[in-house]
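A.B. asks: The numbering used here applies: residue -3 is where the sequence shown begins, and numbers increase by one.
Beta carbons are placed, not taken as given, at the ideal position from N, Cα and C, and that holds for glycine.
Everything numeric in this text was worked out from a predicted model, so none of it was measured.
This is the structure I want to talk about, given as structure tokens.
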Amino acid sequence: MTTLTRTALVVVVVLLLLLGLLWVFQRRLIYLPDRGPVPPAAEVIPGARDVSFTTRDGLRLAAWHVPGDRDVTVLVTGGNAGNRLHRAPLARALAAYGLPVLLMDYRGYGGNPGSPTEEGLFLDALAARDLVRTSRVIYFGESLGAAVATRLALERPPDGLVLRSPFTDLAAAGQVNYPFLPVRALLRDHFPVARDIARVRAPVVVVYGTRDTIVPPRLSRAVAEAADATTVEVAGAGHNDLVMLNGPGLVNAVTDLAQRVR
């Protein structure tokens, strides 16, 4: 065996080992929960209260409910990182318009038991939906949560759907962030937003930032096209900029939709 052949074999073995590790541990790259406990809801948002719900597979998960005087609740399905504490500015902004808000946390997030997966996040959102008591509900899905909200909309149709920085599917977003990896071949969780959104029978609004490098605007625009959705473009905004959490363009997109579904 020549030196060149031996070197090539070593490279192949190393690559196979790396791909194997990525296959096994990929969810640690996808889901980035803040697992620590969160403070009581009322300490963060005046009038808010701690609530909980139980999933079909038996997990009891914590959430926050922010009351309002309007009959349209906003159910927030967050992105892949943080926990409900990080979405408190959004809830406060919506509550200022009288909208009740349910800030749910997925399994493994914010002190909740379990480990996140695509199917698990859907079960979590499905159980959280049962907490909504108003006659009308808007789903607000942030980034990866846009995929969760879209799938939920197929099983439990909302009165309106707001998708913030949605991707067409997880592989497309993953390829942007890991261009040197065969992402589509490796992924175990898929989140096919563009495929599913075409079957949603509710008004859809897509909000995206023009300088988003994590979920490029072209992916969000493709989702909007598949949904025949209204689009709100936030000029100069990146994926994690504060303006994409509680900025006027984003908040107005939700409140305007709430007016339309009354």
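Which one or two residues does DSSP pair with PHE49 in a beta bridge?
C.D. replies: Taking the first residue of the sequence shown as position 1, residue 49 is located at position 53. Answer is LEU57, bridged to PHE49.
A.B. asks: Below 8 Å on the Cβ atoms is my contact criterion, and I expect ALA167 with ARG180 to pass it. Report the Cβ-Cβ distance as a whole number of Å.
C.D. replies: Locating residue 167 in the sequence shown gives position 171, counting from the first residue. Locating residue 180 in the sequence shown gives position 184, counting from the first residue. Correct: roughly 4 Å between the Cβ atoms.
A.B. asks: Under 9 Å between the Cβ atoms of GLY106 and ASN76?
C.D. replies: Start at 1 with the first residue of the sequence shown, and residue 106 comes out as number 110. Start at 1 with the first residue of the sequence shown, and residue 76 comes out as number 80. It is not a contact, given that the beta carbons lie outside the stated cut-off.
A.B. asks: From what residue to what residue does the beta strand (DSSP E) around ARG160 run?
C.D. replies: The residue labelled residue 160 in the question sits at position 164 within the sequence shown. From DSSP, the beta strand (DSSP E) with ARG160 extends over 156 to 160.
A.B. asks: If contact is defined by three or more beta carbon pairs under 8 Å, each pair taking one atom from either stretch, is the region 118 to 137 in contact with the region 94 to 108?
C.D. replies: Yes, the region 94 to 108 touches the region 118 to 137.
A.B. asks: Classify PRO112: buried if its beta carbon has 16 or more other beta carbons within 10 angstroms, exposed otherwise.
C.D. replies: The residue labelled residue 112 in the question sits at position 116 within the sequence shown. With 16 or more Cβ atoms within 10 Å of its Cβ, PRO112 is classed as buried.
A.B. asks: With DSSP collapsed to three states, give me the class of VAL97.
C.D. replies: Within the sequence shown, numbered from 1, the residue matching residue 97 stands at position 101. If DSSP states are grouped into helix, strand and coil, VAL97 belongs with the strands.
A.B. asks: With ALA225 and VAL200 assumed to form a contact (beta carbons below 8 Å), what rounded beta-carbon distance in angstroms separates them?
C.D. replies: Along the sequence shown, read from residue 1 onward, the residue named residue 225 stands at position 229. Along the sequence shown, read from residue 1 onward, the residue named residue 200 stands at position 204. Right, the Cβ-Cβ distance comes to about 4 Å (below 8 Å), so this counts as a contact.
A.B. asks: Got a sec? Which residues, its chain only, sit under 7 Å from GLU39 by beta carbon, not counting five neighbours each side?
C.D. replies: One-based indexing of the sequence shown puts residue 39 at position 43. Correct list: empty, nothing qualifies.
A.B. asks: Thinking C-alpha only, which one of PRO109, PRO42, PRO29 and ILE210 is nearest ALA92?
C.D. replies: For this step, residue 92 is matched to residue 96 along the sequence shown. Considering only alpha carbons, the answer is PRO42.
A.B. asks: So who's on the other strand from GLY28, going by DSSP bridges?
C.D. replies: By 1-based counting over the sequence shown, the position of residue 28 is 32. According to the sequence displayed, residue 28 carries Leu and not Gly. DSSP lists ALA77 as partners of LEU28.
A.B. asks: Apart from the five residues just before and just after LEU17, which ones in its own chain have a Cβ nearer than 7 Å to its Cβ?
C.D. replies: For the purposes of this step, residue 17 is identified with residue 21 of the sequence shown, where counting begins at 1. Note that LEU17 scores a pLDDT of 48, beneath 50, so its modelled location is shaky; the value from the coordinates is reported in the next line. Closer than 7 Å at Cβ, skipping near neighbours: no residue.
A.B. asks: Look up ILE264 in the DSSP assignment and say whether it is helix, strand or coil.
C.D. replies: It is not possible to answer for residue 264, since the shown part of the chain is limited to -3 through 258.
A.B. asks: Secondary structure at VAL257, three-state DSSP: helix, strand or coil?
C.D. replies: By one-based count along the sequence shown, residue 257 stands at place 261. Three-state result, VAL257: coil.
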